[in-house]
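First the structure, in the form of structure tokens, and then the observations on it.
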Amino acid sequence: MIISCTRRDAENRRYVPLPIGNGDLSLQIDYCGSMEPREYSGHMTPVICRAGVRYDFGSRPLVRFGAFQCGPEGAGEAVDWEQSLDPCYGIVASTTTYADGRQLQASSFCLLDRNVVVLRRRLSGQGDFVFTYTLKGRRMRATGMPGTGIEYHIDGQSQYRGTIFIVADQPVTTEVEDRSGPLGDCDVTWTIRSSAPEITLFMAFDDCVPAQLLALGYDGLLAEQRRLWDEYWEEGWVELPDKKLQEVYATSQYHLRINATRWSMPVGLFPTHWEGRYFGFDEMFMFRGLASSGHFGVARRVPEFRRSHLDAAQQRAHRYFGKSGGAAHFVWETVEVPGVEGAPPGFWLEHIFHMSTIACCANDFYRYTGDRDYLQQTGYPLLRACAEFFRVHAINEDASGRIYVGKCTDLERLGAARENAYMTSCGAINTLNAAADAAVVLAEDKELAGEWRRLADGLRRFLPNDGEKYIPYPGCPDKSVAVFSGIFPFPALPQDDPLQRRALDDFLAVAETAGNMYPVGTAVCAWYASWMAIVYARLGDGDAALALLSKAAAATGCFSEIFEIYETGHHPWFTTAEGSFVQAINELLVQDGRVGAAMPSSWDHVAFKLPGLNGKIITAQN
């Protein structure tokens, strides 16, 4: 599949340069095959970043590893262009026509298993091809030449030292301009020129042997890239009868994979996307997209990351002079260092439903795989600690026997200090029951599991409602997608609960005015549309789910990429929504091992390979 965009197409869409990467390295390629320093939708400016390479101040921003520009020397402005993405293999290609008539054909990809960016450029007409790489940053030093290695040292969250190579398969000349100042103010530009009509540059970070790259060449590395991606796609795939849905699905799957770091999954490995920090809330949506696709090797990183931070989360909940409890309170925005809060001050720090989404990932991985060793070592410790957080720190029981979750921040659009909030309460119910189920499997914590179930039953009895339907919190005058939460993301209620069904209908009647994460716009954002589609799929209404997904697919960027809010340009390449879109498509086809539970009536030719439960794989061919 090739997804293309021309200059004329982009006039009516929100153009954003295409990301390439591998979960460690992240960069964006524009329609000139370059990284021109200009701002696009969502304030995105092309830049090279590395997962986990941060400064140690403020909100732990990512270190910027600069950017490159390239093209025919003296050609003038780009007057026409076409750019394409091959989401199956992570290849970005473009043809650019310049003011003087010359054309540049570019092909770029980042190896999936190594920090090597391959850049093939073919120039028509006379004149030199020029490639410049500029590295600017604070508390940074860089010395050396691209062909033999640029040595860098960064004083950040750790002491980062490494080497950047830029080697070419054709003769080149290289110049360097060092404008660096005192006190670690780095500003260096390397300029590479070639008179060859075709050249391939290999830009490698740290794990590079230049001679090996040159020996393999573009074709050899491309073959390796295709093999790696083929292995990944063999884990799970779908073939849909709707071309646009297939494009959005493929682009979302591609970006979810290159966004998955060795730690977990940020909402985007870009400075504009909360500096690539990790949200325990958003992780679940990405995890479920990947897990429901059979990509368990990548999806597993999410619960394992949270397990590695469990001790710090338990210390945050209660550890004082040798006394501690079993509860865990994870920070809201996580960095790679356990226990460090990356979020700026704000009422979002009073969220607690991320303990529920962390528990969902822990539980869902076991349900999909049936891996008892995983449950013992990773899943249950997380489930137990999150359930204990709600039991000890969040749930209240008054003299009348009413059981409810105390004041916290629920969805931010609903404001601060909401007592008995519906979504948070559904998350607590699901967490308590999942922990109790796991305790039974492992024959542990019998008495505690009984208390978890009692509290879950009590919370369910006192969920906020107006006598006809569930509402976001007691007395709430607003409409919110939160009322979908008893079915998804937290399967806390029976699917035939009449108050839940009426709450869904009530929200859909006004969804256009309340369908964004922020109080902006007049449409339903792709994330919320996908969220609602999952709910309707679970209710067996595939046609309603498909209608929502089709609306979401129509509001995407030039390469079918999902925005947090396309209408306003908020956060292109938003992985939280990508995960939900992928999961929604998958659940039309397979739910809890049931095939075709919500198959849309208009779909007659569908093929897929998707997971069931307990390690089963389900394959269907046309």
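In the working numbering, the protein residues as written are 10 to 631.
Every residue, glycine too, gets a C-beta built ideally from N, C-alpha and C.
{"Query": "Rounded to whole angstroms, what is the Cα-Cα separation between GLY245 and ASP109?", "Result": "47 Å"}
{"Query": "Checking contacts by CB at 9 Å: is CYS58 closer than that to chain C?", "Result": "In the structure shown, chain C does not exist; there is a single protein chain."}
{"Query": "If you draw a straight line from the alpha carbon of ILE38 to that of GLU350, how long is it in whole angstroms?", "Result": "32 Å"}
{"Query": "Would you kindly report the start and end of the unbroken alpha helix (DSSP H) that includes ALA60?", "Result": "It is not in any alpha helix (DSSP H) - ALA60 instead sits in the beta strand (DSSP E) that spans 58-63."}
{"Query": "Measure the C-alpha to C-alpha separation of PHE493 and ASP239 and round it to an integer number of angstroms.", "Result": "37 Å"}
{"Query": "Which residue from ASP454, ARG22 and TRP341 puts its Cα closest to that of PRO354?", "Result": "TRP341"}
{"Query": "Shortest alpha-carbon distance to LEU392 belongs to which of GLU345, ALA336, VAL401 and TRP540?", "Result": "ALA336"}
{"Query": "Taking DSSP's pairing of strands, which residues face HIS162 in a bridge?", "Result": "ARG150 and ARG170"}
{"Query": "With three or more C-beta pairs closer than 8 Å as the rule, is the segment 398-409 touching the segment 449-465?", "Result": "yes"}
{"Query": "Between PRO191, GLY467 and ILE57, which has its C-alpha nearest SER409's C-alpha?", "Result": "GLY467"}
{"Query": "Go ahead and pull the three-state DSSP assignment for PRO70.", "Result": "coil"}
{"Query": "Once DSSP output is grouped into helix, strand and coil, what is the label at PHE339?", "Result": "coil"}
{"Query": "Taking 9 Å as the cut-off, decide whether the C-beta atoms of ALA84 and TYR40 are in contact.", "Result": "no"}
{"Query": "Out of HIS338, PRO206, GLN386 and THR172, which has the shortest C-alpha to C-alpha gap to ALA396?", "Result": "HIS338"}
{"Query": "What are the boundary residues of the alpha helix (DSSP H) that GLU292 is part of?", "Result": "289-300"}
{"Query": "Check whether the Cβ atoms of SER489 and ASN439 lie closer than 9 Å to each other.", "Result": "no"}
{"Query": "Going by DSSP, what residues sit across from PRO28 in a beta bridge?", "Result": "GLN37"}
{"Query": "Compute the Euclidean distance between the alpha carbons of PHE572 and ASP446, then round it to the nearest angstrom.", "Result": "37 Å"}
{"Query": "Just checking, does the segment 598-605 make contact with the segment 223-238 on the three C-beta pairs under 8 Å criterion?", "Result": "no"}
{"Query": "Taking 9 Å as the threshold (C-beta atoms), are GLN324 and PRO96 in contact?", "Result": "no"}
{"Query": "What does DSSP give as the partner residue(s) for ASP196 in the beta ladder?", "Result": "LYS145"}
{"Query": "For the segment 426-477, which segments carrying the alpha helix (DSSP H) assignment without a break, of at least 4 residues, lie completely within its bounds, in sequence order?", "Result": "431-451 and 455-470"}
{"Query": "Give the DSSP-derived three-state secondary structure of TRP90 in the structure shown.", "Result": "strand"}
{"Query": "I need the DSSP call for PRO507, collapsed to helix, strand or coil.", "Result": "helix"}
{"Query": "Could you tell me which uninterrupted alpha helix (DSSP H) segments, each at least 4 residues in length, are contained entirely in the segment 349-437, listed from first to last along the chain?", "Result": "363-378 and 389-398"}
{"Query": "Quick one: Cα of ARG235 to Cα of ARG59, how far?", "Result": "23 Å"}
{"Query": "State the CB to CB distance for the pair VAL307 and ALA259, rounded to an integer number of angstroms; the pair is presumed to be in contact (CB under 8 Å).", "Result": "Not quite, the Cβ-Cβ distance comes to about 16 Å (not below 8 Å), so this is no contact."}
{"Query": "When the distance is taken between beta carbons, is LYS478 closer than 9 Å to ALA501?", "Result": "no"}
{"Query": "Just how far apart, CA to CA, sit THR157 and ALA452?", "Result": "60 Å"}
{"Query": "By DSSP, does LYS618 sit in helix, in strand, or in coil?", "Result": "strand"}
{"Query": "Do you know offhand how far ARG9's Cα is from CYS485's?", "Result": "Lying before the first or after the last residue shown, residue 9 is absent from the chain, which here runs from 10 to 631."}
{"Query": "What residues in its chain sit with their C-beta under 6 Å from that of PRO250, if we drop five residues either side in the sequence?", "Result": "TRP612 and HIS614"}
{"Query": "Whose CA, out of GLY193, ALA371, ILE404 and ALA443, lies closest to the CA of SER317?", "Result": "ALA371"}
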